[in-house]
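Each remark here refers to the structure printed beneath this line.
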Amino acid sequence: MTVIEKPKDIPTSDLKDVSNEKPPEPADSKKSKWEYQFREERLGVWTLYYPITNSWREYLPALESLWVLYDMAKSLPVIWRFVSETLSLGPIFFAAYFVSSTLVGLIPAFQLYNNSNTLAFIENIVAGKHVDHEQFRQIVVSYLTLFIGALFFRKIEAYSRPILQQRVSLHFKQRLLKVQTRFDLTTSENPDVQSKTSRASTWFASPWSVLEGLASLLAVGAEVSGQVSVFAGMMGSRQDAKLFALLCVARPMGLLLFIKSRHDLYYAMVTDTRWLRMEALFDLGTRSSYKKEVIADNLEGFINSQYDQDRKSLGDIPKQQPYEQQSDRAWLTYNDFDGIFDALPLLAFAWMCLKTGGKSDLSSLVLIQQATSSLQQTLLGMVYGGNNIANLFKNVMSLYEVLELKPTMTDGDVSYPEAEYKSRKGMAIEFKSVNFQYPMTDKVALKDMSFSIGPGELCVIVGENGCGKSTTINLITRMYDCVSGEVLVDGRPLKDFKLSAYRATTSVMYQDYQHLPLTIYENILLGRPDCPNPEEAVEEAARLGGAFDFVQKLPLKFGTNLEPQQTGFVNTWEDDNEEEKNIFQKFIDSQKATKLSGGEWQRLALSKSFMKNSEKIRLLCYDEPSASLDPKAEYEMFERLRQLRGGKTMIFVTHRFGHLTKHADLILYVKEGSILEKGTHKQLLDLDGEYAKMYKIQSQAFEDI
């Protein structure tokens, strides 16, 4: 592999600058301990980037192994904790699974022992030595005993495995659920936390795969030790014992070292602009999501001509995966290397026959072949199955790292509302010189913001997109804490209140409303799960939110799951057999997502908000609630919300001025994170500032129509 000059069509930096080309880092993110440089290699349309670490561990493999052992030793307490926790979920099933899987691992050793005795029996017959039927009967009995024993323990393993798997998986899944549902927004969005939770959720790091890997290691240990014991007993007295032992380990260890030598660490990326453009053109011409643009802009000729031009320019430069190209270019491939070792047993047997004058027995050859094949499968399975000890230990550490994560936001200890304010229906909110920037960013979202909203008042926050309107709601609902300044609720710092008690008195509808993967009925009911008459309340909330009519037109009405879990599959030999799939089309269709318009989604969000609007609620917040509604629906929605307010404090965020602002007790005009103007609609029009200017622009648009 050689360092090459960067071709002109590769959209990356020059090799000298590769180490400095990194995506913009968040302001508070941790910088990498090592500043890596990279060596480039071009393979077809790919570019491979090999890290140059200059680490002492890279050049001292023995010390690297000691370092791995040190890390494993440190994690032993966590491993013991994991084993103890899984053992408590079902001691009988735990013991049955581990014992049976370990004993199943010994079966190949007993199989080799029986095979050796059988071959010796056959050789004696061929050599004309005396044998009797009793010896044959013993051989048959040994095979039958092994078969019955293997069947018995495999059945125990098959019975205990799914029960233990479900208990372990659901137990840790519930623990992860409890931990992650306690996260505040700052913790949830932290890249380090996301990285840990992502690793813990991978298949190899899942609790069951870890436990299964530990059981597999015990089984492998039993298998290897059993085979070694059998070999030692059978070969200890033979002259060719050393050669036999060498051949047993040569093939699997040689192949393992060969494979590891060909698996360097690198990052591969397609950098040939011709190939990238061809892929984009193919998607543009074949995907239905682009069809309107292709037809409307008459792009058929352009797409085909450009694709043909890039195809001719690309020529025969391969797109094969890098490992395939490396294998094809190498002098020796895996199959070549395996072929060399495959011939060794025959050559060794021929040499022994030559040395002993043809007195070597055939059993040695058969045992060598069986042993090398068994060990090869075992070792390669450990490597490619991810079940090696170091990886298992890392996965357990990753799991418990997530289970021990805590929210970064400190909860208060004061119950809300306080006794002196319990008779109020609304809440008072005050910002005092509040400054805020989102975690992991440099941009200031709010600058020195100060305002006061009285209990029961209607406040409308207006301004252009991205000015900080939604951020203000995030601080009022304590999704985040301000960097400096103070947010007060009923005269007390918001941080003092218990989050659960405070949020039980607020109802928020966010602009980026997320429909939960449950039925429509359950989605609306979650606004107030403890409702005494849920069915009637859900229907009434749907009517108030404007969703009732279109929900009634759906096949399952309120029982419709708009985004059902995709769990079905067709059990067929041919994945592309459309005729067989059509038989089950009604089941396939039942799991498809239901498409709704933006206005319909918004009506569902409003319905959930109306559902939550009980006597406990003191604050109603609506972030762009009418963005997808037509003017008539918007007017009707605002009127319903105003009428149902009933003394509660209400805050609207919008960039559309109109009917609502005329009824507002307070309007905050926000620009670039600061309050530029505040007052009533009349006061701001009289001020003739930015608010009046924007109001007149929007009014003029309707007048022109």
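In the UniProt record's numbering, the protein residues as written are 1 to 705. Quick reminder that beta carbons are idealized off the backbone N, C-alpha and C, glycines included.
Going by beta carbon distance, what residues of the same chain come within less than 6 Å of Tyr-400, once the five residues before and after it are set aside?
Here residue 400 is taken as the residue at index 400 of the sequence shown, counted from 1. Hits under 6 Å: Val-78.
Counting pairs of Cβ atoms below 8 Å between the region 180–187 and the region 142–160, do you hit three or more?
Contact fails: fewer than three Cβ-Cβ distances are below 8 Å.
Determine the contact status of Asp-461 and Leu-668, defining contact as a CB-CB distance below 8 Å.
The residue labelled residue 461 in the question sits at position 461 within the sequence shown. The residue labelled residue 668 in the question sits at position 668 within the sequence shown. The question names Asp, yet the displayed sequence has Ile at residue 461. Yes, the Cβ-Cβ distance between Ile-461 and Leu-668 is below 8 Å.
Terminal residues of the continuous beta strand (DSSP E) containing Asp-448?
For this step, residue 448 is matched to residue 448 along the sequence shown. 446–453 is the span of the beta strand (DSSP E), which, as asked, contains Asp-448.
DSSP on residue 760, reduced to helix/strand/coil?
No answer is possible for residue 760: it lies beyond the span of the chain, which begins at 1 and ends at 705.
As a quick exercise: from Gln-552, Arg-656, Leu-620, pick the residue whose alpha carbon is nearest that of Gln-643.
Counting from 1 along the sequence shown, the entry for residue 643 is found at position 643. Cα-wise, what sits closest to Gln-643 is Leu-620.
So which of Trp-208, Glu-212, Ser-209, Gln-180 has the shortest CA-CA distance to Thr-197?
Here the question's residue 197 lines up with position 197 in the sequence shown. Ranking Trp-208, Glu-212, Ser-209, Gln-180 by Cα distance to Thr-197 puts Gln-180 first.
Which residue from Lys-443, Glu-690, Tyr-421, Arg-137 puts its Cα closest to that of Thr-471?
For the purposes of this step, residue 471 is taken as the residue at position 471 of the sequence shown. The residue with the shortest Cα to Cα distance from Thr-471 is Lys-443.
Reduced DSSP category for Phe-121 - H, G, I as helix; E, B as strand; rest coil
Walking along the sequence shown from the start, residue 121 turns up at place 121. Residue state for Phe-121 is assigned as helix, using DSSP reduced to three classes.
Can you tell me whether Arg-478 is buried or exposed, with buried defined as 16 or more other CB within 10 angstroms of its CB?
The sequence position of residue 478 within the sequence shown is 478, counting from 1. The residue is buried, with at least 16 neighbouring Cβ atoms inside 10 Å.
Going by beta carbon distance, what residues of the same chain come within less than 6 Å of Glu-25, once the five residues before and after it are set aside?
Residue 25 sits at position 25 when you count from the first residue of the sequence shown. Residue placement at Glu-25 is poorly supported in this model, since its pLDDT is 42, which falls under 50; the coordinates still yield a value, given next. Closer than 6 Å at Cβ, skipping near neighbours: no residue.
What does a CB cutoff of less than 8 Å around Val-483 pick up in its chain, not counting 5 residues either side in sequence?
Against the sequence shown, residue 483 aligns to sequence position 483. Taken in chain order, the residues that qualify are Asn-435, Phe-436, Gln-437.
Own chain partners of Met-72 with C-beta closer than 7 Å, once the 5 adjacent residues on each side are dropped:
Here residue 72 refers to the residue found at position 72 of the sequence shown. Excluding positions up to five away in sequence, the list reads Ile-389, Ala-390, Phe-393.
Apart from the five residues just before and just after Lys-662, which ones in its own chain have a Cβ nearer than 6 Å to its Cβ?
Position 662 of the sequence shown holds residue 662. Counting only Cβ-Cβ distances below 6 Å, and skipping sequence neighbours, we find His-681.
Report the option in Met-352, Phe-451, Tyr-480 whose CA atom is closest to the CA atom of Asp-411.
Indexing the sequence shown from 1 puts residue 411 at position 411. Comparing Cα positions, the closest option is Tyr-480.
How is Asn-561 classed by DSSP in three states: helix, strand or coil?
As a first step, residue 561 is located in the sequence shown; it is residue number 561 there, counting from the start. If DSSP states are grouped into helix, strand and coil, Asn-561 belongs with the strands.
When DSSP labels each residue in this structure, what does Thr-654 get in the three-state scheme?
One-based indexing of the sequence shown puts residue 654 at position 654. Here Thr-654 sits in strand by DSSP.
In chain order, what residues of the same chain have a beta carbon less than 6 Å from the beta carbon of Ser-699, not counting five sequence neighbours either side?
Working through the sequence shown from its first residue, we reach residue 699 at position 699. Excluding positions up to five away in sequence, the list is empty.
What is the C-beta distance between Val-104 and Ala-158, in whole angstroms, given that I count them as a contact (C-beta under 8 Å)?
Along the sequence shown, one-based indexing puts residue 104 at 104. Along the sequence shown, one-based indexing puts residue 158 at 158. The pair is not a contact, with the Cβ atoms about 10 Å apart (cut-off 8 Å).
Where Met-637 falls: helix, strand or coil (DSSP)
Looking up residue 637 in the sequence shown gives position 637. Helix.
How far does the beta strand (DSSP E) with Glu-41 in it reach, from first residue to last?
As a first step, residue 41 is located in the sequence shown; it is residue number 41 there, counting from the start. Glu-41: member of the beta strand (DSSP E) spanning 37–43, first to last residue.
Reduced DSSP category for Ala-664 - H, G, I as helix; E, B as strand; rest coil:
As a first step, residue 664 must be located in the sequence shown, where it is residue number 664. In this structure, Ala-664 counts as coil in the three-state DSSP scheme.
Which residues mark the beginning and the end of the alpha helix (DSSP H) in which Thr-506 is found?
Taking the first residue of the sequence shown as 1, we reach residue 506 at position 506. Looking at the DSSP string, Thr-506 is not in any alpha helix (DSSP H); the run it does join, the beta strand (DSSP E), is 506–509.
For Trp-331 and residue 714, the rounded distance between their alpha carbons
The first residue shown for the chain is 1 and the last is 705, placing residue 714 beyond what the model contains.
Distance CB(Leu-606)-CB(Gly-545) smaller than 8 Å:
Position 606 of the sequence shown holds residue 606. Position 545 of the sequence shown holds residue 545. Yes; because the gap between Cβ atoms is below 8 Å, this pair is in contact.
Identity of the residue in Arg-603, Met-611, Ser-614, Asn-613 nearest Glu-624 by Cα
Position 624 of the sequence shown, counting from 1, holds the residue named residue 624. Cα-wise, what sits closest to Glu-624 is Arg-603.
Neighbourhood of Phe-657 by C-beta distance below 7 Å, restricted to the same chain and skipping five residues each side:
Position 657 of the sequence shown, counted from the start, is the residue given in the question as residue 657. So the qualifying residues of the chain are Val-462, Met-694, Tyr-695, Gln-698.
Assuming Phe-548 contacts Glu-536 under a Cβ cut-off of 8 Å, what Cβ separation, rounded to an integer in Å, is found between them?
Within the sequence shown, residue 548 is the residue found at index 548, counting from 1. Within the sequence shown, residue 536 is the residue found at index 536, counting from 1. Not really, about 12 Å apart at Cβ, beyond 8 Å.
Looking only at C-alpha atoms, which of Asp-688, Asp-448, Ala-120 sits nearest to Leu-672?
Along the sequence shown, read from residue 1 onward, the residue named residue 672 stands at position 672. Before going further, note that residue 672 is Glu rather than Leu in the sequence given. The candidate whose alpha carbon is nearest that of Glu-672 is Asp-448.
Test item: CB-CB of Ala-96 and Ser-169 under 8 Å
Position 96 of the sequence shown, counting from 1, holds the residue named residue 96. Position 169 of the sequence shown, counting from 1, holds the residue named residue 169. Contact: no.
Which residues DSSP lists as bridging Ser-484, in chain order:
Position 484 of the sequence shown holds residue 484. Asn-435, per the DSSP bridge assignment.
Helix, strand or coil for residue 748, going by three-state DSSP, please let me know.
Residue 748 is absent from the structure shown; the chain starts at 1 and stops at 705.
Identify which residue in Leu-475, Ile-524, Leu-525 has its Cα closest to the Cα of Tyr-502.
Within the sequence shown, the letter at position 502 stands for residue 502. From the listed residues Leu-475, Ile-524, Leu-525, the smallest Cα separation to Tyr-502 is found for Leu-475.
Does Thr-271 pass the burial test, meaning 16 or more other C-beta atoms within 10 Å, or should it be called exposed?
Start at 1 with the first residue of the sequence shown, and residue 271 comes out as number 271. Thr-271 comes out buried.
Rounding to the nearest angstrom, what Cα-Cα distance links Gln-511 and Glu-212 in this structure?
The residue given as residue 511 occupies position 511 in the sequence shown. The residue given as residue 212 occupies position 212 in the sequence shown. Answer to the nearest angstrom: the Cα atoms are 44 Å apart.
Am I right that Ala-109 and Val-220 are in contact with their C-beta atoms under 8 Å? What's the rounded C-beta distance?
Reading the sequence shown from its first residue, position 109 is the one you call residue 109. Reading the sequence shown from its first residue, position 220 is the one you call residue 220. About 12 Å; that fails the 8 Å criterion.
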